[in-house]
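Inspection log for the structure reproduced underneath, given as structure tokens.
Residue numbers (the working numbering): 1469 to 1601.
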């Protein structure tokens, strides 16, 4: 965790919720395929929209773990934007574990994180063929 002034629970809410950004940030909105389109400003509805979610996996039990991969609609840094973050939440502690540039990379990272955590926790994931569309 990078911000020690927040409680663990507040930091998790910050990671997955609406975040402040500067007036100089580049703003993006996802198209229908979750690919970024640069826009003049971030629309408020995006923060609570399911369209932001690239992937999510919840492992319940005594070692509760959530893996959430989200589209982040702004970029503050110079260079190419990394608009997809994967966040691992254990109990009430959250950490950004990956930032990537494309939705394809984000999906791959999410699948790898999910498989890794399933193995660590000894959980069998359903096969892709058995999941409902």
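Cβ atoms here follow ideal geometry from the backbone N, Cα and C, with glycine treated the same way.
Cβ neighbour criterion (16 or more within 10 Å) applied to residue i
i	result
residue 1471	Confidence in residue 1471 is poor, its pLDDT being 42 and thus under 50, which makes the residue's placement too unreliable to answer from.
residue 1590	exposed
residue 1578	buried
residue 1559	exposed
residue 1565	exposed
Beta-carbon separation (whole angstroms), residue i vs residue j, contact threshold 8 Å
i	j	result
residue 1533	residue 1480	Not quite, the Cβ-Cβ distance comes to about 12 Å (not below 8 Å), so this is no contact.
residue 1502	residue 1539	6 Å
Which of helix, strand or coil DSSP assigns to residue i
i	result
residue 1535	strand
residue 1482	helix
residue 1565	strand
residue 1555	strand
residue 1502	coil
residue 1522	strand
residue 1591	coil
residue 1571	helix
CB of residue i within 8 Å of CB of residue j, strictly
i	j	result
residue 1574	residue 1552	yes
residue 1504	residue 1549	yes
residue 1485	residue 1513	no
residue 1541	residue 1519	no
residue 1421	residue 1585	Missing from the structure shown is residue 1421; the chain here goes from 1469 to 1601 and no further.
residue 1490	residue 1544	yes
Through-space distance from residue j to residue i, alpha-carbon basis
i	j	result
residue 1581	residue 1592	14 Å
residue 1547	residue 1567	14 Å
residue 1523	residue 1492	29 Å
residue 1506	residue 1561	32 Å
residue 1587	residue 1527	11 Å
residue 1496	residue 1563	23 Å
residue 1569	residue 1511	20 Å
residue 1555	residue 1529	19 Å
Cutoff 8 Å: residue i Cβ touching any chain B Cβ
i	result
residue 1492	Of the chains in the structure shown, none is chain B; there is only one protein chain.
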